[in-house]
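Below is one structure, written out as structure tokens, with a few remarks after it.
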Amino acid sequence: MACLFCLCILLLLTLFALLLKIAALHRAASEIRQEFLSWFDSDTNTGITLSSRDRHMRRLAADLNRELRRLRAARLRFEQGDRELKESITNLSHDLRTPLTAILGYLDLLDYVEKPEQVKRYLSMIRNRSEVLKQQTEELFGARK
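If you want my numbering, it's the 1-based position in the sequence shown plus 2.
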């Protein structure tokens, strides 16, 4: 009878220890989840930290931190590429608009000069093509200046 009583006590203690372990794992999982979500809400280099000493949860946190570092590096590369692309578009827009504006200005000046019909026709074609190019440039680059 004493042996059965001891066995019951041992089982209860084991059950209690397992319940504590499960509660600690739940707390650790909750910490990982909260820190993971807050990582995306803020611009931070800090990783996920845990109060738990469980090796499986610590390994999970370490793996997540490694992937978060990779994600951050990829995001930084994307943002740098995006900045470079926008700068290139701005430069290209300027490089196209400046000579186009000059061409249209010279064509305006030629309106005040006496010229033969054939030259007028050629200048009209140049103006039309230049206006189309200006319109396409504005559509392509928008109001970027």
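Where a beta carbon is used, it is the ideal one built from N, C-alpha and C, also for glycine.
Ranked by how close their Cα comes to the Cα of G107, the residues S132, M127 and R123 have S132 in first place. Uninterrupted alpha helix (DSSP H) stretches at least 4 residues long and entirely within the segment 63-127 do not occur.
In this structure, L73 lies away from A63, with their beta-carbon atoms at least 7 Å apart. DSSP, reduced to helix, strand and coil, places I50 outside both helices and strands of the structure shown, so it counts as coil. Scanning S95, S40 and R123 for the CA closest to the CA of K136 turns up S95. Assigned with DSSP and collapsed to three states, M59 falls in helix. DSSP places S44 outside any alpha helix (DSSP H), giving it a letter other than H or E. Between the alpha carbons of N93 and R61 lies a distance of about 48 Å.
Its chain contains T139 as the residues whose beta carbon lies nearer than 7 Å to that of R99, once the 5 sequence neighbours on both sides are disregarded; these appear in chain order. About 5 Å separates the Cβ atoms of L66 and I50, confirming a contact at the 8 Å cut-off.
Around the Cβ of A30, a 10 Å sphere holds 16 or more other Cβ atoms; the residue is buried.
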